[in-house]
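Undergrad:
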């Protein structure tokens, strides 16, 4: 199954459970994380460097929440959950492992966006 389809399948239960709260949120897949890190990132713990809206495995981002805002042209943008394909595929070799990891990543992103603990969404959440 294609990665994008796995993302949609992992997101569907979350979107159904929180349809009103997530109605203004887009879902995207990017190949790799493209974000600027602080220069001292190599010498600090991941939690000290990565903001809360980034869900990571140590120093490697697996997904991120982009809040609604305004682009460089002054146009409003919608909030977006971005899932990073390459780091997830490197950590999960089978389709089942990828589906489980995607569920974890998306649960964490939705929880961050809704200002909830991930265990409020999934009582079995572990990371």
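In UniProt numbering, the protein residues as written are 1 to 127.
Glycine included, every Cβ here is placed at the ideal spot set by N, Cα and C.
1. Given a threshold of 16 other Cβ atoms within 10 Å of its Cβ, counted over all protein chains shown, does residue 63 qualify as buried or as exposed?
2. Can you confirm whether the region 90-109 touches the region 2-21 when touching is taken to mean that 3 or more C-beta pairs between the two stretches lie within less than 8 Å?
3. According to DSSP, simplified to helix, strand and coil, what is residue 121?
4. Looking at the structure shown, is residue 88 part of a helix, part of a strand, or coil, going by DSSP?
5. Based on Cα-Cα distance, which residue from 114, 85 and 80 lies nearest to residue 26?
6. Is residue 106 helix, strand or coil by DSSP?
7. Could you check where the alpha helix (DSSP H) with residue 6 kicks off and where it finishes?
8. Counting along the chain, where does the beta strand (DSSP E) carrying residue 62 start and finish?
9. Which residue wins for smallest C-alpha separation from residue 105, given the options 16, 72 and 53?
TA: If we stick to the structure as given:
1. buried
2. yes
3. helix
4. helix
5. 80
6. helix
7. 3-17
8. 60-66
9. 53
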